[in-house]
Amino acid sequence: MIPSLTGELTGTHGRIATRTWPNLEADHLVLLAHGYGEHVGRYEHVAQVLVEHGAEVWALDHTGHGLSDGDRAVIPSFEDVVTDLHQLADEAVDARPDLPIALVGHSMGGLIAARYAQRYPAELDALVLSAPVLGRWAAVEHLLSLEEVPDDPLDVTTLSRDPAVGQAYSADELVWHGKFQRPMLEALQVALETVNAGPVLGDLPTLWLHGGADQLVPIEDTRTGIAHIRGTLLEELTYPGARHEVFNETNKDEVLDDVTDFLDRALGLTEPDDDDTEVEPQD
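Take 1 as the starting number for the sequence shown in UniProt numbering and just add one per residue.
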């Protein structure tokens with residue numbers, strides 16, 4: 001296992017915990033953006049695969065998450081979170097100049113990644129969106145309509161078909177196990193509206209991954225957001241039967257192979273074989 005290095009930066013809302021998986025022989029950089037209520041430590045296996053495939057990986061715990069400062073599981077402004085991530089990207093590029101850079105975002109991290117790509121299109125060479133919260137999230141709309149947000153625990157069986165994933169999630173002390181806070185819901189809604197009104201992704205190579213049985217972030221809701229931002233180089237992969245966390249699914253090896261294959265092609269890291277077939281962009 002490749003050891004990671006921990007660090008910190010001063011973000012827009014206090015100290016931000018960072019983690020880097022170094023690779024002195026890297027031919028590209030990957031930024032990771034995690035989802036709501038979790039932390040980058042849950043992406044250890046993802047980072048390991050990426051490093052073994054030639055990446056150096058940089059990530060952080062968003063404000064209010066994991067080991068970073070802030071009220072638990074509250075993001076006051078997604079624009080500020082994107083700014084924090086951009087600061088991390090600047091540090092990565094300063095440390096490893098002249099390497100192409102990709103951004104991988106899961107769930108809420110997919111929303112952050114999409115907004116990052118809208119704000120800094122010239123600074124990314126590839127984008128991967130895993131079950132991204134885009135377009136609309138009916139759960140947020142419903143919860144905001146209520147006078148009081150209910151304290152309903154997450155059904156961990158919706159994360160993955162692998163029971164061990166839900167068990168580890170429940171036991172993880174850095175994961176937020178409480179209810180949604182109204183300021184968080186309001187910030188999510190503003191961010192969704194901002195991305196929907198923002199620019200398209202142009203010719204940025206983008207891979208959208210989604211579980212066909214995702215109950216937390218239904219694929220049809222996300223599809224409305226993809227329709228707003230999609231550029232000319234969008235690829236879509238849907239995994240039948242897979243639930244929300246495709247990087248933690250029973251077919252995670254297939255999913256991560258798809259990601260590294262996409263990065264190879266998008267970043268020009270390998271020459272395509274004559275027999276290779278491209279995934280056609282889907283409407």
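Ideal placement from N, C-alpha and C gives every residue a C-beta, glycine not left out. As the structure is a computational prediction, the values presented were derived from the model and not from experiment.
Ranked by Cα distance from E25, the options Y36, A55, T12 are led by A55. In this chain, the beta strand (DSSP E) harbouring L237 covers 234–239.
Pairing Y169 with H210 gives a Cβ-Cβ distance that is not under 9 Å.
Straight through space, the alpha carbons of E186 and H53 are spaced by roughly 39 Å. Closest in alpha carbon position to V128, among P163, S107, W21, is S107. The C-beta separation of I229 from A114 comes to about 6 Å, placing the pair in contact by the 8 Å criterion. One thing to note: A227 has its Cβ within 9 Å of the Cβ of G135.
In the structure shown, G14 adopts extended strand secondary structure according to DSSP, grouped into three states. Counting of Cβ neighbours within 10 angstroms places V190 among the exposed residues, the total staying below 16.
Residue state for I219 is assigned as helix, using DSSP reduced to three classes. The way I'd put it, the segment 215–227 doesn't touch the segment 97–106; fewer than three beta-carbon pairs between them come closer than 8 Å. Within the segment 111–169, the runs of alpha helix (DSSP H) that reach at least 4 residues and sit entirely inside it are, in chain order, 138–145. At a Cβ-Cβ threshold of 9 Å, A17 and S77 do not count as neighbours.
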